[in-house]
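Letter by letter, the sequence shown follows residues 0 to 351 of numbering that gives the first Met the number 0.
Built from N, CA and C at the ideal position, the CB exists for glycine as well.
Report on one structure; see the data block that follows.
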Amino acid sequence: MSKVISYAAVSAKEKLAPLHIERREVGAKDVQIEILFCGVCHSDLHTARNEWQNSVYPVVPGHEIVGRVIKVGADVKAFKAGDLAGVGCLVDSCRVCPDCLDGLEQYCDGEVFTYNSEDKNFKDAGKMTYGGYSSQIVVDEHFVLRISDKLNLAEVAPLLCAGITTYSPLKHWKVGPGSKVGIVGLGGLGHMGVKLAHAMGAHVVLFTTSASKVADAKRLGADEVVISKNPDEMQAHLKSFDFILNTVAAAHNLDIFTELLKRDGTMCLNGVPEHSHPSPSIFNLIFKRRQIAGSLIGGIKETQEMLDFCAEHNITSDIEIIAMKDINQAYERMVKGDVKYRFVIDMATLES
Ligand code: NAP
Ligand code: ZN
Ligand code: ZN
0 MSKVISYAAV SAKEKLAPLH IERREVGAKD VQIEILFCGV CHSDLHTARN
50 EWQNSVYPVV PGHEIVGRVI KVGADVKAFK AGDLAGVGCL VDSCRVCPDC
100 LDGLEQYCDG EVFTYNSEDK NFKDAGKMTY GGYSSQIVVD EHFVLRISDK
150 LNLAEVAPLL CAGITTYSPL KHWKVGPGSK VGIVGLGGLG HMGVKLAHAM
200 GAHVVLFTTS ASKVADAKRL GADEVVISKN PDEMQAHLKS FDFILNTVAA
250 AHNLDIFTEL LKRDGTMCLN GVPEHSHPSP SIFNLIFKRR QIAGSLIGGI
300 KETQEMLDFC AEHNITSDIE IIAMKDINQA YERMVKGDVK YRFVIDMATL
350 ES
C-alpha cells in the first residue's frame with residue numbers, strides 16, 4: 000500500500016481539500032500511473048455534493064485521467080513504464096456476464112466506477128474507490144486506455160468521460176452523413192457531442208440556453224444554433240430530427256425537444272440532474288412513435304475506438320487549465336454554466 004495525496008470532499012457541504020489516501024500495491028495485472036491531468040466532469044460535482052444521494056465520504060472525484068505509467072505488474076502485456084495512459088469512469092467489472100463479454104462493461108451489474116464505488120481490492124468492507132484528483136492511481140490493465148502522443152495530453156483528458164459518453168450514443172443510434180442531429184447544452188459533454196457528430200458527417204444543430212455561446216458552437220462544428228428559450232426558433236425545427244442527444248445537467252421540460260423529432264426519432268438523455276425532469280408528454284411520444292432513451296458512458300473497447308477516432312480526426316476538448324487548489328471556484332463556475340468547455344486540473348499543482 001502507498002499513501003498518495005488527493006483532493007477530497009469529506010461531506011456534501013464542505014469544500015474539497017487535501018487528503019492523504021491509500022493506493023493498493025501493484026498486482027500482477029495492474030498498471031500504476033502518475034496522473035498528469037484530470038478533467039472536471041459535472042458528475043464530480045454531483046457526487047462531491049451528494050446530489051444523487053449515494054455518496055460515501057470521503058469522495059475523491061475525477062474520471063478523466065491521463066498520465067504516464069510508472070510501473071506495471073508481471074503479467075501486464077499492453078503497457079510499460081514511460082507509456083502514456085488514460086483511465087475513464089470504470090476500473091473494474093465482473094468480466095463474465097453477457098454485458099462484459101459484449102464489451103459493454105458499463106452495463107455490468109458488477110461494474111466498479113473510478114470513484115465512489117466499493118473497492119474489492121481492499122479487505123476492509125466498505126472501502127471505496129478514489130478518483131483522479133490525486134497524484135497516482137493503480138488500475139487493472141483491462142481498464143487502462145492507450146493515448147496517442149499526437150494530441151495535446153491535457154486536451155485529451157476530457158475524452159475519457161465527455162468524449163465516450165457522447166460518442167457511444169451517437170454510434171449506437173447510427174449518426175452519420177444524412178442524419179439531422181440535435182445536441183442539447185454546450186458544456187463539457189455537449190461540446191464533445193458537437194465535435195464528434197460533425198466529424199461523423201451529420202448535420203448538427205446545437206441547442207443552448209446561453210446566447211453568448213452561439214459563435215463558439217459554430218466554431219466547434221454546429222451547422223445551426225438554436226436558443227432553446229426562443230419558441231419561434233424551436234418551432235422552425237418541428238418534426239425534423241433523427242436523433243437528439245440531451246446533455247443538460249438540470250431538470251427541464253423535455254417536450255420542447257421531443258416534438259422536434261421525426262417519426263421514430265429518439266432523444267437520448269445523457270444528463271443526470273439532481274432532480275428528475277417533469278414527466279414528458281405521452282402524446283408527443285405516441286403520435287410519432289418517438290422514443291426517449293438513456294445512455295451511460297461507454298465500454299472499454301469503444302472508449303479505445305473513440306480515442307483512436309479522435310487521434311485520426313485531430314479532435315480534443317476545448318479546455319481551461321486550473322490549479323488543484325482552484326477546484327472549488329471551478330465548481331461554482333460550472334453550476335453557472337461558465338465553462339469553456341471543460342476544466343482540466345494540472346496535477347503538477349497538487350502538492351504533497
Ligand atoms: P456541464 O459542463 O456543466 O454542461 C451542462 C450544460 O447544460 C451547461 O453548459 C448548459 O449549457 C446546460 N444547462 C442548461 N440549463 C442548465 C442548468 N439550469 N444548470 C446546469 N446546466 C444547464 O456538465 P457536463 O459535465 O457536460 O455533464 C452534463 C450532465 O451529464 C451532468 O448531469 C453529468 O452528471 C451527466 N453525465 C452523464 C454521463 C452518462 O454516462 N450518462 C456521463 C458524464 C456526465 P447551455 O449553456 O448551452 O444551455
Ligand atoms: Zn463524467
Ligand atoms: Zn459483467
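Cut-off 6 Å between Cβ atoms - residues of its own chain near residue i, not counting five sequence neighbours on either side
| i | result |
| --- | --- |
| residue 147 | 310 |
| residue 191 | 161, 162, 165 |
| residue 184 | 246, 247 |
| residue 323 | 6, 344, 348, 349 |
| residue 159 | 63, 85, 87 |
| residue 351 | 4 |
| residue 189 | 182, 246 |
| residue 38 | 63, 156, 157, 341, 343 |
Residue i to residue j span [Cα, whole Å]
| i | j | result |
| --- | --- | --- |
| residue 352 | residue 120 | Outside the modelled stretch of the chain, which goes from 0 to 351, sits residue 352, for which no answer is possible. |
| residue 115 | residue 90 | 11 Å |
| residue 133 | residue 171 | 33 Å |
| residue 177 | residue 42 | 32 Å |
| residue 117 | residue 259 | 41 Å |
| residue 4 | residue 112 | 20 Å |
| residue 338 | residue 204 | 20 Å |
| residue 328 | residue 126 | 29 Å |
| residue 53 | residue 12 | 15 Å |
| residue 175 | residue 70 | 41 Å |
| residue 155 | residue 257 | 32 Å |
| residue 290 | residue 238 | 13 Å |
| residue 320 | residue 285 | 46 Å |
| residue 98 | residue 9 | 34 Å |
| residue 230 | residue 236 | 10 Å |
| residue 264 | residue 58 | 38 Å |
| residue 335 | residue 252 | 19 Å |
| residue 179 | residue 17 | 46 Å |
| residue 157 | residue 40 | 8 Å |
| residue 143 | residue 30 | 8 Å |
| residue 149 | residue 312 | 11 Å |
| residue 340 | residue 317 | 5 Å |
| residue 276 | residue 295 | 17 Å |
| residue 206 | residue 232 | 10 Å |
| residue 217 | residue 314 | 15 Å |
| residue 169 | residue 303 | 15 Å |
| residue 221 | residue 198 | 11 Å |
| residue 254 | residue 325 | 38 Å |
| residue 346 | residue 26 | 24 Å |
Cβ neighbours of residue i in the same chain (closer than 7 Å, five flanking residues each side left out)
| i | result |
| --- | --- |
| residue 262 | 287, 288 |
| residue 293 | 267, 268 |
| residue 28 | 72, 74, 75, 139, 140 |
| residue 298 | 102, 103, 104, 105 |
| residue 60 | 43, 46, 47, 114, 130, 132 |
| residue 272 | 248, 249, 250 |
| residue 300 | 102 |
| residue 331 | none |
With 16 other Cβ atoms within 10 Å as the buried cut-off, status of residue i
| i | result |
| --- | --- |
| residue 100 | exposed |
| residue 241 | buried |
| residue 167 | buried |
| residue 342 | buried |
| residue 234 | exposed |
| residue 282 | exposed |
| residue 201 | buried |
| residue 194 | buried |
| residue 94 | exposed |
| residue 77 | exposed |
| residue 307 | exposed |
| residue 173 | exposed |
| residue 92 | buried |
| residue 212 | buried |
Beta-carbon proximity list for residue i, same chain, < 8 Å, skipping 5 on both sides
| i | result |
| --- | --- |
| residue 152 | 35, 36, 65, 83, 146 |
| residue 67 | 32, 33, 35, 81, 82, 83, 84 |
| residue 96 | 107, 108, 109 |
| residue 210 | 226 |
| residue 0 | 21, 22, 23, 24 |
| residue 79 | 68, 71 |
| residue 128 | 90, 111, 112, 113, 114, 115, 116, 117, 118 |
Chain C contact for residue i (CB, 8 Å cutoff)
| i | result |
| --- | --- |
| residue 251 | Here chain C cannot be found, since the structure has a single protein chain. |
So within the segment 171–246, which uninterrupted alpha helix (DSSP H) runs reach at least 4 residues, ignoring any that extend past its ends? Residue ranges of uninterrupted alpha helix (DSSP H) with 4 or more members, entirely inside the segment 171–246 and ordered along the chain, are 187–198, 213–219, 230–234.
How would the residue list near ligand 2 read, in chain order, if you kept each one whose beta-carbon is closer than 5 Å to any heavy atom? After applying the 5 Å Cβ criterion, the set is 40, 42, 160.
Quick check for students: name the residue ranges of the beta strand (DSSP E) that lie wholly in the segment 262–339, counting only runs of 3 or more. When DSSP assignments are scanned along the segment 262–339, the uninterrupted stretches of beta strand (DSSP E) that are 3 or more residues long and fall wholly within it turn out to be 290–293, 318–322.
3-residue-minimum beta strand (DSSP E) runs that sit fully inside the segment 68–104, ordered along the chain: For the segment 68–104, whole beta strand (DSSP E) runs of length 3 or above, ordered along the chain, are 83–86, 89–91.
Which ranges does the beta strand (DSSP E) cover as unbroken runs of at least 3 residues, wholly within the segment 3–30, from first to last along the chain? Listed in chain order, they are 16–22.
Completely contained alpha helix (DSSP H) runs for the segment 130–162, where each covers 4 or more residues: Fully enclosed alpha helix (DSSP H) runs of 4 or longer: 152–155.
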